[in-house]
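Inspection log for the structure reproduced underneath, given as structure tokens.
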Amino acid sequence: MWIDRVIELERGKRLVAIKNISLAEEHLHDHFAADAIRNEPAIPVMPFSLIIEGMAQTAGILVGHTNDFQEKVILAKIGSAEIDRDALPGHTLRYSAEITQMDAVGAATAGTIDLLDHAHADAGWQRIGAIDLLFSHIDANRTGQVFPEHNFVFGESFKTLLRTSGVLP
Amino acid sequence: MNREEIFNKIREVLVDALGVDDDEVTGTAVLTSDLGAESIDFLDISFKLEQSFGFKIAQGELFPDNAAQNPDYVVDGKVTAKGLIELKEKMPHVDFTDFEADPQLARIGKLFTVDALVNFVDTKLQTASA
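Sequence lines, in order, name chains L and B. Quick note: to get this note's numbering, add 141 to the position in the first sequence (first position is 1). Quick note: to get this note's numbering, add 109 to the position in the second sequence (first position is 1).
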């Protein structure tokens, strides 16, 4: 999972989640690893692609929760994604997602990302980006393709997150 | 709102949804083959039209809804006479003239031009104000 906890949820409208970035995360050991040949040190930076995935999980849960996770909610399109600042180990990211439109076929969401640098906590949350996404309810898609009955989108990791966040019992 | 104003707003929607340039959006441009729209883009366009013009678009109202899966409407890769009647009734904003001559299902994407969107929005707005 690329979010740690859901901290606010208003059904069908808005969901806020946080992600604490830790140097223990293996991907940060490679992004970017030290380069002995160029004599460059390691620079651990959260990849922007994974920040987008964090927003996709945040907004995807919001969309799924609207119909009690009966729909298979798939990220279908990244409408726009702008991230202005690197997120580093020790930082906390806050993803806020809102449903702008939703129907039987899918949903559009608008999201913002804020960053808290605990070394400069007095500066508070800083807005570092915005991501708009489009989700498809794949069972209602227009191709007529049939998918397995069980909801493979919201698997055990999602359920654990939702339970520990108090969203599910 | 006249057709030119509708066209200009639709152009903004398509530039935003499909990442195309302003001048690529002409009345005869086909959403798929000319502007690169894929299936999910139709949902995006539909949502953006709703936001831009302030009306709701029902499922299957703007683009056909699972027509290809209906055995009454498609036989051997061709849209049947019954299918054509149904499509024309459901989508009066689309010009079927060329398509009727050779109703291959594979050509159905060609029906969805920028002009078809303008027709659709024009009718919706007129119906709403009537």
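Yeah, the Cβ is synthetic: ideal placement off N, Cα and C, and Gly gets one too.
At the 8 Å Cβ level, is residue i part of the contact set with chain B, yes or no?
i, result
"L:A200", "no"
"L:A217", "yes"
"L:A245", "yes"
"L:G220", "yes"
What separation, rounded to the nearest whole angstrom, lies between the Cα atoms of residue i and residue j?
i, j, result
"B:A138", "L:D209", "41 Å"
"L:L150", "L:S277", "21 Å"
"L:H232", "L:D273", "23 Å"
"B:N117", "B:G169", "24 Å"
"B:Q213", "B:D185", "9 Å"
"L:I192", "L:H206", "21 Å"
"L:I336", "B:E121", "Residue 336 of chain L cannot be examined here, being either before or after the span of chain L that is shown, 142 to 310."
"L:D255", "L:A158", "11 Å"
"L:M187", "L:P230", "8 Å"
"B:I90", "B:L140", "The requested residue 90 of chain B does not occur in the structure, where chain B is confined to residues 110 to 239."
"B:G163", "B:V230", "11 Å"
"L:M196", "L:G252", "7 Å"
"L:H261", "B:M200", "58 Å"
"L:A177", "L:I215", "41 Å"
"B:L147", "B:N111", "Checking the sequence, you will find Glu at residue 147 of chain B rather than Leu. Taking the straight line joining both Cα atoms gives about 29 Å."
"L:A249", "L:M243", "6 Å"
"L:S306", "L:S298", "12 Å"
"B:L127", "L:K213", "25 Å"
"B:A225", "B:E159", "16 Å"
"B:V203", "L:L257", "52 Å"
Would you say residue i reaches chain L, if we count a Cβ-Cβ gap shorter than 8 Å as a contact?
i, result
"B:Q168", "yes"
Can you tell me whether DSSP reads residue i as helix, strand or coil?
i, result
"L:K160", "strand"
"B:V230", "helix"
"L:D145", "coil"
"L:H278", "strand"
"B:D181", "coil"
"B:D224", "helix"
"B:Q168", "coil"
"L:K154", "coil"
"L:L256", "strand"
"B:G128", "coil"
"B:G218", "helix"
"B:G192", "helix"
"L:A271", "strand"
"B:V122", "helix"
Practice item. Anything in the segment 139-159 of chain B with a Cβ closer than 7 Å to a Cβ of chain L? List those residues in chain order, please. Key: So the close ones are S148, I149, L152, D153, F156, E159.
Practice item. Please specify which runs of the beta strand (DSSP E), each continuous and at least 3 residues long, are wholly inside the segment 169-254 of chain L, giving them in chain order. Key: Along the length of the segment 169-254 of chain L, whole beta strand (DSSP E) runs at least 3 residues long occupy 214-224, 232-243, reported in chain order.
Exercise for review: Could you please tell me which residues of the segment 231-255 of chain L, in chain order, have their CB closer than 8 Å to any CB of chain B?
Suggested key: So the close ones are T241, Q242, D244, A245, V246, G247, A249.
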